[in-house]
Each structure stands twice: as C-alpha cells, then as structure tokens.
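*Asks:* As given, the protein sequences belong to chains A and B, one line each in that order. Residue numbering for the first sequence follows UniProt numbering, beginning at 1 and increasing consecutively. Residue numbering for the second sequence follows UniProt numbering, beginning at 1 and increasing consecutively.
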Amino acid sequence: MTPTRLAVDIGGTFTDFALEVGDQRYSRKVLTTPTAPEQGVLAGVGLIMQDAGLAPSDLGLIIHGTTLATNAIIERKGAKTALLATRGFRDAIEMAYEHRFEQYDIFMDKPPPLVPRNLRLEVPERIDANGGVVEPLDEAALAGLVPILRAEGVTSVALGYLHSYANPAHEIRSRDILTTLAPDLAITMSSEVCPEMREYERWSTACANAYVQPVMDRYLKLLEEALRARGFRCPIYLITSAGGLTTVEIARRFPIRLVESGPAGGAILAAHIANERRHDHIVSFDMGGTTAKICLIDHGEPHFERSFEVARQYRFLKGSGIPIRIPVIEMVEIGAGGGSIASVDAMQRVQVGPASAGSEPGPACYGRGGANGTVTDANLLLGRLQADRFAGGKMRLDTNASAAALQASVGRALSLDAPTAALGVIEVVEENMANAARVHAVERGRELANRVMIAFGGAAPIHAARLAEKLDIATVIVPAGAGVGSAFGFLLAPIAYEVVRTRHVRLDDGFDPAPLNVLRGEMRKEAEDVVRLGAPTAELVEGWSASMRYRGQGHDLTVTIPASDFTAGSVAELERLFLADYEQQFGRRIPDLDVEILGWSLRLATVSPPILPCPPMPSGTAAEPAAHVDVVAPQTGKTESIALHNRRDLVPGAIVAGPALIVEDETTTMVTHRYTARIDALGSIVMTRT
Amino acid sequence: MDVHAPHADPMTVIHQQIMWDRLISVVEEQAQTLIRIGFSTSTREAGDVSAGVFNTAGHMLAQAVTGTPGHVNSMARAVVHFLDKFPATTMRPGDIFITNDPWKGTGHLHDFTVVTPVFRADRLVALFASTCHVIDIGGRGMGPDARQVFEEGVFIPIMRFASAAGTNETLLEIIKGNVREPVQVVGDLYSLAGCNDVGGRQLLKMMDEFGIETLDRLGDHILERSRVATLEAIRALPKGTFRNSMRVDGYDRPLDLVATMTISDDGIDVDFAGTSPPSSFGINVPFCYTEAYASFGVKCIIAPKIPNNEGSLALLRMRAPTDCILNAQPPLPVATRHIVGQMLPDLVIGCLGQALHGNVPAEGTSCLWNLFAFGGSSQIDADSTEMMRARVFNVMSFHSGGTGARPGKDGLSATAFPSGVRNVPVEVTEAMSPLLVKRKEYRTDSGGPGQFRGGLGQVMEVVSLDDTAFAISANYDRVDFPARGRDGGADGKAGKISLGSGRLLKSKGQQTIPRGETVLIEMPGGGGLGDPFTRDAAAVAADVHLGMVSREAAETAYGVVLRSDYSVDKPETAARRGSRP
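Here's what the structure looks like:
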C-alpha cells in the first residue's frame, strides 16, 4: 500500500496542504506567514492531521514546495553574496546581454545584479574554450581575498570562471582553498550548479544559488527540527522546478532548483489528469490572483527546458528578470490574474495588468479600499461571480464598488457604461492569455489546436471555456479540488534529478562514441547518486535528450534519444531523430546542412505507478439548476438569465448545457453557450464544444 | 456578431481592439518563427529582424515588438516598392517576392526583405513582410572599405522568390554562386518565407474567427487611432523650428550631421539639409535607413507607447537633399550604413531637447562597437608562410558603449541604443574561433560626469591563441568626437582602438593585428546631463565604491571628496563645490 503522504505548498498568500490516506484525500489552506514560514506550515499540518485523525507516526512522507527562494530574489532579501570571477570579467553579470528589453522606453532600467560590483572580486586564472589552462590559478591571490570577504561580512560565495563547464578544475581548487580558510562560507561553483556554456547565464545562476542558499538552509533546518520535535519521523522531500522530488540535502546544496516549484506541481497534476483520460496533447491553464500560467503537455509529460527568468521586474517582459539556467518545466507566465488592474491607453484601448491589486487591498469588490477596477470586479459586475456565494459565502462582494471602479478605470475614458467596460476588460484579458499561449506555442514550435485544456487555480475555470474558444480547443476539463491543484500535483511527483552537460559534437566528421559514452556514464552516476538518496532500491527510468540543430542555426531542438550506449551507427540514428523532430516542427527539412549536438541532458526518475484510466463517462441526465441568475453575454452585451449549479450537487454523469455557471467554494466554472458540461466518473467537469 | 456595425455599438469598439491586439500577436508569432528558424548570428543571437503585416496599399498595420529600429522602420516603407513593381492585381497565390536593394529595402545588401501576399478566397487581403541580415552577401564582406555598391556583394532587384509553380531556382543558383556561406544564406531566405507563411495562416484564422472578409475597416481603425494619438502627442509639444548639428568621425574626415526640425499642428518635419556630402567609403546611408532611425529617435521621446504603423509614422516626415550622406544615391557604397545611421536618434533628440527645454537624454555611444574579426589565408596582410598556417574563422559579436544620461537617471553602461541587438557571450566567441578575450569590463571614468552620469563604456582586449596574425574590421565612431553632455553635463569619454603595445589603429576599416599582439578596444561612454557639481554626493560616493568613477574624478569632475571608507567628507566637498570658478 502507498504510504500516507502529505504535500505542503507555500505560496505568496496561502499555504496549501493536500493529504492522501489510501483512497481518501484531504485539503487545507492557511495564510502564509512570511516572516517565519515554518509556523504556517506547522499550523496547517496540525489542522489537516486532525481532519484525517492521524498521528505524526502515521505519516510516510512529506513533500514540500515553497516560493521562499523566489521571494528572496524578488524582494532582494538573500545573503550577502560575493562573486569570484576570472580576472577581467567580473562585470559580465551586470552587462547581461548589453541590450534593452524594451526598445522605445528610454527610461527602462536593467535588473540590478544580485551581487554589486564591489563584491565582485577578480581571480587571476584562465581556461580556454577547449578546457586547456592558459593561466594557472593564482592560489595566493585567491587566499588574499578571504580577508576582504570577512571585512564585507559576506556569508555566501559564487565561483564563476570562464569555460568552467569544460574544465572545472580551477573552480574546484578554489572551493577547496576557501573551504579550508573559511569553512563557514557557503560556496556555489558555477560548473556544478549549471555546467553549461554562456558565462552570463551560468554565473547569474551561480550567484542566485549562492544568494538564496543561507536563507533556504536556515529555513529547512528550522522546519526539519520543528517537525522532528513534533514526532514526525518520515522523510521530507522537496519539489524542484522540474517537477521532481529531491532530498533536503540536495535542496540545501542547490536551492535555486526549488524556484517555481508551485507551477511545476500544477503541471504534474495536469499531466496526471491527461493520463487518466488518455489525452495525448493538452494545454494546462492555471490562473491565480496575479498571473496566469500556460503549459503544453504532450504524451503525458510536460516539456522541460533549461532556462527561465525569475523576478521579471518590468511588465513581466522577457529580459527584465534574472536568467536562471536550471532544468524547469516549460511554461509561459503572464501578468493576468483575478487581481489584474484595468486601464485605458493613449489609443483608447483597454489594457489589463500586469499590475495587480493582489490580496491587499485586492479588487474593489473586496471592500478593502481597492479603487482600481480589476478582472474580478468585471466578472462580478457581469454576473459571472456571485456576490453572496464567493468563497463559500464567507466573504460578501460589493457589486457597487466594482461598478464604480470600472467606470473610473475604463468607462469614463471610453464613454462606456460600467457593464460594457467590464465586458471589454474580460475580452482583453482573455485575448491577452490567448495571444501569450499562441506566441509561446510558436516559440516552441508546437500546435495549440486540437489540444484538451485542463484548467485549475482560483481564476482559471471562469475564463477557461472562452479561452478555449479563442484557441480552437474543443474540450476543457476542470478537475475536482482545483483550488489546491499544485499541492495535489506534488503527491504525484517521482523522485528525480536532472543532469546537463555542454559537449559539442558534429555528426558529419569523426563521430566518436567512446568519449560520449564515458560522459553519459558520468552523468548517469551523478544523477543516480542523488536519486538513490531518496530511492535506494526503486526501479529508475532514464530520460535522455540532446540539444541538436543544423550547424549555424540559432535555436536548438531538444530531441529525445535512446538511453542505450552509442555505437558507430548512432550517427544515422541521431540524425534521423533530429530530422523527424525538425520536420514536424517546421514543416520541411533543409538540404545539405550538417547537424550538430550542443549539449546533453538526463532526467533520472523513479518509475511512476501505472495510472488507472478514468472510467467511461457515466450516463446521466440534465442537472436541475439551483437557481437562475442574470449574466451579461460577452458576444452581444445583452443580459440573459442562465442556470446556476452548485458543484457539490452535481453527480457523475450530470449534464449542464451552456450557458451556465457551476459554483464551488474556491472557484466558479463558466460554461459558455458553445460548450456543454458533464461530470465524469472522477468528479471532473468536462466541457465539450457543441 | 457583426463587427461592421456602426460605431454607435460599444461592442464594436471592443472587437476592433481585440482584432488589433491579435494582429500584433500574429506578427510577433511571425518574428519568433524567424528567430527560431533563422541562421545568421544577428538573427538568432541578436534578434536583428523585423516582421510586419501590411494592407493591400502597402501601408504597415502592425509590426512585431521584436526587432531592431533600423530594420523595422525601413521595412515599413519597403512594401510600397514591391507593389510598384508588382501591382496588387498581378499578385497570385503562391507568389513570394524578394529583394536586397539597399534603397528599397533596409539600407544594405546584407539585408533581405521577403514579401508574401495573403489571399482569402482568391482575394488579396494583406501582405506579410520580414527582414533579416544574412551572414554573407559576397563582395568585400561587411565593412566600409568598398568604393561602390558593386563591390559590396550581389544585388537582387525586387523579383519573385517563388510562385505557385515553385521556388525560383535560377535566383537561388545565382545567390549560391556569389556568397561565401551559400547554405546558410539560402536557409535564411527560406526562413523569411516560412515566417511570412506562419503570419499569413494566423491572419486567415483570425479573419475566420471574427467573420471578416477584408482588413479594410480594421486597418482604417488602426491607422486612424494611431494617427490621432500621435497627433495628440505632437500637439502637446511646443511649436517651432529647432536646429541641431553633431560632428562625427566619418571614415577619413569628420562629418557634420545637421537636422532642422519643425513641429507643427499637423506633424513633425525634419530636414537634413546642411549635412556633409557622401563619403567615398561604405558609411553612406540610403534615405530609407535615415528615415528609420530618425523617426525612431523622435518616437522614443514623444510617443514611445504608440504602436509603429503607417498611421503613427506618416506624421513624422523626413527630408534630405540627394547630395548629402543621409540620402546617398547609387552606386555609392553603403554596407556599414549603420555607423552614421545609428547617430540619428541623438541628432533629432537634440532638436527635441531645444523644444522641450532639456528633458531629453544626453548623447550616447549610439553606434555599435562590434568585434568583427577574421583570420585565414587571403584575409590578412602577412607573409605567405604565415597565411598558410592561419586558421580560417569569422567572428561577429555585438558590443556596446554607454548610453547618454537620462532625465532623472544615469545612462546605461555597456548597453546598445538605439540598436536593439544582444551581445554574443565571450565563451561562444572563443569556442567559434582561436580568439581569446583577455578582459571585458567596465571602463572606469568613461561615463560623462553630470548631475546624472552617462553610462560607462567597456574595454575589451583580444588576442589570438594561434601563432598568426588576424584581422579586424573596425566600424567605430565617437573616437574623435565623443558623445556630448547636455545642460551642463560633461562629454562621455571618447572611444579608442589600439594595439596592446600602444600603436593606435584606425576607427574604420579592415586592419591586421600582428602575430602575438592584442587589440585593445576601449568603448566610449555616454554624455552626462546637468552640472556634475550638483550630483548627489552620496551617488558619487557609491560610484567610487563600485569602481565606476575614480576618487580623482570624484574630486575634479564632481567636487566630491571621500574619506577612505567611501563616506562623503562633507566640509571638504562643500569647500570644493563652493570654490569652483
């Protein structure tokens, strides 16, 4: 029998809990306690254990995800960090790409680096692109930096040397020297946290890891001790940005791998739901108070990529954050949430977000002083949210406040009445999300049409059907318990670790399998050492991929390759796999061009238990509405009376024809007139285009 | 839903906006596709592309946010030339058109523009255009040394790249026979055609979804709204005529760039009369490129948030006499037209500075300071035994000096403006070549002092690990004439290019770096804004602590005296600041 498992997801506003005891599931939400996050965790753990009537010793596993690392970077509350860089190159992390991410705004600023220039110290040493030593490491000069680190009160150090991905010897030697001279310093080697070419991204990743390491170390220690003191003896795992579980020890070494773990949990949940229903191509849509996340999932697995940006400070624009190169589930995040604020620009166009009213003061309808019209206000004014049914009726919304705010933010400038302004806001935010999804799909060379959408997160179900219409998607699934989707996703994650290496190989001349097999052996061992900490005996699965491209082309494709060792014949196989992927994505091959491989990656994971298929859709009849409510239809702007259902009253098989609303405590699902909803055997709402 | 309902219906307004947003998204998809499948370094690493959708009259309706201004605003005017040669009525499904005409495209032979008409039920509804810079176009390569455009490479007049019958194989054969990297160049042409296809498909989907047969009404809406918003921005400016001139290095003699800007109620006119005559070398600027960068500069100041399209661009009217370098006529050489072209935003911003009584940035480095290096036989001046040994390589990496200080803010250090390109990592440059970059760091004291400081330039020192000479192609400016400060701010430090052993190199043209020598590239800083003696002393102290400004410069240029712990010595500072003559 699977052990009893508890998932804990610390978010910006709420900490979510999901507990699985055999077939039974429990969930809880408590407020996050930002200054001492472990307290919120302990409070919630106490409550949910009480709900299930369990004692600490009954628990087999705790899985934990947290935005702590991300917040430390966003709020600049990390450790005092130094960067030790190859002499002559300490400014690389500040020069970044030497470009402006916003072309026309002469006032734009680049994100300040995590390590200021006076703490970026130079080390005489040099390694060339082939890993050869051009200038040996000046060990005396390195040792001479320690008093400076002391005088400045530095507690964490990132080592960033040029070409250390090709030869890490100088970084390793430097770490050893520093460890001897200053054993209390936390040290991050760029060659270890991100062994890939491109100095800015690698060092930026190393600095970010160093920056959050002492914070995470302290927190994890406190949490572990507190749980142990309360009698919890079970192992604790952390969830990574790539959606795998890892041990506390690895989390302490590479805390940067923990950023974005919440969205990763959502993607895992979506993949699971897709697998239960045997859907090959899905798009997951997760929308909360501030942002929306859209993720494409194929053949039951999210895609992985090796970089993303944290703390985008300028309208969520690409380039305005700090680049982090770690394995991460591929998704796009935009500033569109329930709290997104509406306004009007110089061309009289409605703009929504990325500024958000957050939870304080929140949308105008919360009655906490919010004066700006938001997406939630627009939904309320159009009748799509019910003033007296929000959050299970625990919080009464103020429709008049919404009307006044929308009139002020949008209506006045455009001479529209408040309901029409609200329609504009909803249309625009839905179009923004649709456009983000389209551009994301194009950037990754994937199709959106014919996918099944899986919607979760507080604000997603109300917009999902309309977004699906815009993206030409015929089926939308809103799973049960969507409110704590990420935490439930954690329960489904395997123990996993990803290892990447830069090693350039051309397929045209002298492909030599032997050194590549050695490299893959090393990668396998590195991953296995980590995974075995948490899964000493479990069966493991290797997922290998290579970054491949036509020689000279800009972006590489991540091509899945076999796990078996290479032979001389592998060239043809690798080329065939690349060409097939290329053709699928771009519609044609390019004749006469060589193919090259830039990097290699391995994801080693425990084998997930087989997923039982969702039983077929039960037969049923049209559900009886709990009420009828007035809702403004987005296409016509006319008010119509539509059915309102309570989700808890809907039994499997029940049919709800659109337009209709399905209300539950944490969210509301809008069934538009083009969709009909049914409740499937596992309690999900399945909307199908009619 | 009837989107053709009279404007009285409030929903029409909303739906027009949704379609407009969608159109901008469609061209962004087009641009992203190009970056994804493109080949040349500038396309894939630097995002040096443009993509846009045009109505059947050749007016640009929307353009991708991704892109660099020189391409973007010149491509905006290119489609009209295609329609002149191939009138809309003669275009057929399957047609794709192409050119690299510097005067009808984007200013030099290296840029190809591809135009694809889009048909809905056999009716032409729109044209998609895209531009990118290919890695090679034959001739003398990407440098200023040619004396005529004929030496600069193969010239493809506006013609069909493909028709329903297939690709123009003759054209491809000619191109392949004339360029050094035929596979990559032809690959990029296919990429341009491919990204236009993506745009066309998405546009047709949108027209289906919204049930519209033509873009006429939507186009009118977009152009009119943009025109009105731009006009409003212009009308908020003080009226009058403002003249600015700026001296820049030129190839072999200095050039004066002169602009006379007239701001009136119906637009902004800029006349470049008085500007120096053309050069004998390839730094000449075709007018399309002049127009592109000058209008970019104006737009940055007066209406940065209004989307680029014919409606907003048409109110910015440029004029240049044909005997000046900013309206260079064929067959003058134009390969490195960007050196002078990128100076134009500073020139027109100088005019606007007079109109707005300051409130504009100081001058910056403006032209890119790229490392363009190559090696191998027939590329370098060296004896024959050495040439035999030399490894063949070709490196183009984009780098930048400092930008001018901004109202209320310091300039950006080592950051491109007005160009929108990204740099190439040192590790990538080194992996592609025998070059070793010995250092790449901020150039202390290069930012022009001011109440707001100019951005710092950077220093790059480069050597070859091979035991041979190599060559660089210098395309640099602001060496003889630095970026000027404004409103009492001091000039940025001038750029410099020299051998490690000390000998100065020319700022323009191909030059050999002898065996064992390093080349030292010291990039300019941006100008300062406002009197440096009024700069917040704490900001000066922070600059010194960070090593951006030296202690000496803090005292002499800013009148700020610091103690050993970087705190401000207030009495000394007050004395020094008070005693300035």
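We treat Cβ as the ideally placed atom computed from N, Cα and C, and that holds for glycine.
1. According to DSSP, which residues form a beta bridge with A/E528?
2. Could you spell out where the beta strand (DSSP E) holding B/S163 opens and where it closes?
3. Within the same chain, show all residues whose beta-carbon is closer than 7 Å to that of A/T567, passing over the 5 residues directly before and after it, in chain order.
4. What first and last residue would you give for the alpha helix (DSSP H) that runs through A/T558?
5. Going along chain B in order, which residues have a C-beta closer than 8 Å to the C-beta of residue 706 of chain A?
6. Relative to chain C, which residues along the stretch 116–134 of chain A have a C-beta separation below 7 Å, given in chain order?
7. Can you pull out the residues from the stretch 142–176 of chain A whose beta carbon lies closer than 7 Å to at least one beta carbon of chain B?
8. If the cut is a Cβ gap below 8 Å, which residues of chain A does residue 588 of chain B touch?
9. At the level of alpha carbons, what is the spacing between B/K570 and B/L562?
10. Under a CB-based cut-off of 8 Å, is residue 700 of chain A close to chain B?
11. Name the chain A residues whose beta carbon is nearer than 9 Å to that of B/K440?
12. On the criterion of 16 or more Cβ atoms from any shown chain inside 10 Å, does B/V248 qualify as buried, or is it exposed?
13. List the whole-angstrom C-beta distance separating A/K80 from A/T155, where the pair is believed to meet the contact cut-off of C-beta under 8 Å.
14. If you draw a straight line from the C-alpha of B/G70 to the C-alpha of A/M287, how long is it?
15. If you compare alpha carbons, which of B/E291, B/N359, B/F296 and B/G358 is closest to B/A328?
16. Return the chain-ordered list of same chain residues with a C-beta closer than 7 Å to the C-beta of A/A96, the five sequence neighbours on each side being excluded.
17. Can you give me, in chain order, the residues of the stretch 437–459 of chain A that have a beta carbon less than 7 Å from any beta carbon in chain B?
18. I want to verify the contact list: residues of chain B whose CB lies under 8 Å from the CB of A/Y200, in sequence order.
19. Can you name the start and end residues of the alpha helix (DSSP H) that A/G40 belongs to?
20. 8 Å is my cut-off, CB to CB: does A/L19 come that close to chain B?
21. In the DSSP assignment, the beta strand (DSSP E) including A/D630 goes from what residue to what residue?
22. Rounded to the nearest angstrom, how far is the Cβ of B/Q510 from that of B/A471, given a contact under 8 Å?
23. In the DSSP output, which residue or residues are listed as bridge partners for A/Y550?
24. Between B/L435 and B/S400, is the Cβ-Cβ spacing less than 8 Å?
25. Counting only Cβ pairs nearer than 7 Å, list the residues of chain B close to A/V607.
26. Would you say B/S366 lies against chain A (beta-carbon separation less than 8 Å)?
27. Comparing C-alpha positions only, which one of A/N118, A/A401, A/A538 and A/C365 sits nearest to A/A151?
28. Within its chain, find whatever has a CB closer than 8 Å to the CB of B/R26; leave out the 5 residues flanking it on each side and keep chain order.
29. Starting from the C-beta of A/A421, find all residues in its chain whose C-beta is less than 6 Å away, skip the five residues before and the five after it, and write them out in chain order.
30. Assuming B/L189 is part of the alpha helix (DSSP H), what are its boundary residues?
31. Consider the Cβ of B/N196: report whether some Cβ of chain A lies at a distance smaller than 8 Å.
32. What is the DSSP secondary structure of B/L356, reduced to helix, strand or coil?
33. Can you tell me whether A/T376 is helix, strand or coil according to DSSP?
34. I need the straight-line Cα distance from A/S486 to A/G262, nearest angstrom please.
35. Report the three-state DSSP secondary structure of A/D680 (helix, strand or coil).
36. What does the Cβ neighbour count give for B/S473, buried or exposed, with the cut at 16 atoms within 10 Å?
*Replies:* Answer, in terms of the structure:
1. Residue mapping note: residue 528 of chain A aligns to position 528 of the first sequence, counting from 1. Partner(s): none; A/E528 has no beta bridge.
2. In the second sequence, residue 163 of chain B corresponds to position 163, counting from 1. That run of the beta strand (DSSP E) goes M159 to S163.
3. Against the first sequence, residue 567 of chain A aligns to sequence position 567. In its chain, beyond the 5 residues on either side, P513 have a beta carbon closer than 7 Å to the beta carbon of A/T567.
4. The residue you call residue 558 of chain A lines up with position 558 of the first sequence. Unbroken run through A/T558 is the beta strand (DSSP E), L557 to I561; no alpha helix (DSSP H).
5. Only positions 1 to 690 of chain A appear in the structure, and residue 706 of chain A is not among them; the question remains open.
6. No chain C is present in this structure, whose protein chains are A and B.
7. L162 and H163
8. Summary: the structure shown does not reach residue 588 of chain B, with chain B confined to residues 1 through 581, and so no result is reported for it.
9. Position 570 of the second sequence, counting from 1, holds the residue named residue 570 of chain B. Position 562 of the second sequence, counting from 1, holds the residue named residue 562 of chain B. Looking at the two C-alpha atoms, the distance is approximately 8 Å.
10. Since the first and last residues shown for chain A are 1 and 690, residue 700 of chain A lies out of range.
11. For this step, residue 440 of chain B is matched to residue 440 along the second sequence. Chain A residues near B/K440: G88, F89, D91, A92 and M95.
12. Along the second sequence, one-based indexing puts residue 248 of chain B at 248. Buried, since its Cβ has 16 or more Cβ neighbours within 10 Å.
13. Here the question's residue 80 of chain A lines up with position 80 in the first sequence. Here the question's residue 155 of chain A lines up with position 155 in the first sequence. That pair is a contact at about 6 Å.
14. Here residue 70 of chain B is taken as the residue at index 70 of the second sequence, counted from 1. Here residue 287 of chain A is taken as the residue at index 287 of the first sequence, counted from 1. C-alpha of B/G70 to C-alpha of A/M287: approximately 38 Å in a straight line.
15. To locate residue 328 of chain B, count along the second sequence from 1; it is residue 328. Among B/E291, B/N359, B/F296 and B/G358, the Cα nearest to that of B/A328 is on B/E291.
16. Residue mapping note: residue 96 of chain A aligns to position 96 of the first sequence, counting from 1. Excluding positions up to five away in sequence, the list reads K110 and Y200.
17. Along the stretch 437–459 of chain A, going in chain order, the ones with a CB nearer than 7 Å to a CB of chain B are R438, V439, V442, E443 and G445.
18. Here the question's residue 200 of chain A lines up with position 200 in the first sequence. Chain B residues near A/Y200: P425.
19. Here residue 40 of chain A corresponds to residue number 40 of the first sequence, with the count starting at 1. Element bounds for A/G40: P37 to A52.
20. Taking the first residue of the first sequence as position 1, residue 19 of chain A is located at position 19. No, A/L19 lies away from the interface with chain B (no Cβ there is under 8 Å from its Cβ).
21. For the purposes of this step, residue 630 of chain A is identified with residue 630 of the first sequence, where counting begins at 1. A627 to V632 is the extent of the beta strand (DSSP E) around A/D630.
22. The sequence position of residue 510 of chain B within the second sequence is 510, counting from 1. The sequence position of residue 471 of chain B within the second sequence is 471, counting from 1. By a beta-carbon distance limit of 8 Å, B/Q510 contacts B/A471. Their separation comes to about 6 Å.
23. Position 550 of the first sequence, counted from the first residue, corresponds to residue 550 of chain A. A/V595.
24. Here residue 435 of chain B refers to the residue found at position 435 when the second sequence is read from its first residue. Here residue 400 of chain B refers to the residue found at position 400 when the second sequence is read from its first residue. For B/L435 and B/S400, no; Cβs fall outside 8 Å.
25. As a first step, residue 607 of chain A must be located in the first sequence, where it is residue number 607. The contacting residues do not exist; A/V607 stays about 34 Å from chain B at best.
26. Here residue 366 of chain B is taken as the residue at index 366 of the second sequence, counted from 1. No - not a single Cβ of chain A is within 8 Å of the one on B/S366.
27. On the first sequence, position 151 is the one that residue 151 of chain A refers to. Ranking A/N118, A/A401, A/A538 and A/C365 by Cα distance to A/A151 puts A/N118 first.
28. Mapped onto the second sequence, residue 26 of chain B falls at position 26. First, the residue type needs correcting, since residue 26 of chain B is Val and not Arg in the sequence shown. Here the set comprises V53, A62, G199, Q202, L203 and M206.
29. Within the first sequence, residue 421 of chain A is the residue found at index 421, counting from 1. The beta carbon of A/A421 sits closer than 6 Å to the beta carbons of L406, V410 and G411 from its chain, once the five residues preceding and following it are set aside; these are given in chain order.
30. Numbered from its first residue, the second sequence carries residue 189 of chain B at position 189. For B/L189, the enclosing alpha helix (DSSP H) has its first and last residue at P182 to F210.
31. Here residue 196 of chain B refers to the residue found at position 196 when the second sequence is read from its first residue. False, the Cβ-Cβ gap to chain A never drops below 8 Å.
32. Mapped onto the second sequence, residue 356 of chain B falls at position 356. Reduced to three states, the DSSP call for B/L356 is coil.
33. One-based indexing of the first sequence puts residue 376 of chain A at position 376. In the three-state DSSP reduction, A/T376 falls in the helix class (H, G or I).
34. As a first step, residue 486 of chain A is located in the first sequence; it is residue number 486 there, counting from the start. As a first step, residue 262 of chain A is located in the first sequence; it is residue number 262 there, counting from the start. Looking at the two C-alpha atoms, the distance is approximately 6 Å.
35. For the purposes of this step, residue 680 of chain A is identified with residue 680 of the first sequence, where counting begins at 1. The answer is coil: DSSP assigns A/D680 none of H, G, I, E or B.
36. Here residue 473 of chain B refers to the residue found at position 473 of the second sequence. Burial call: buried.
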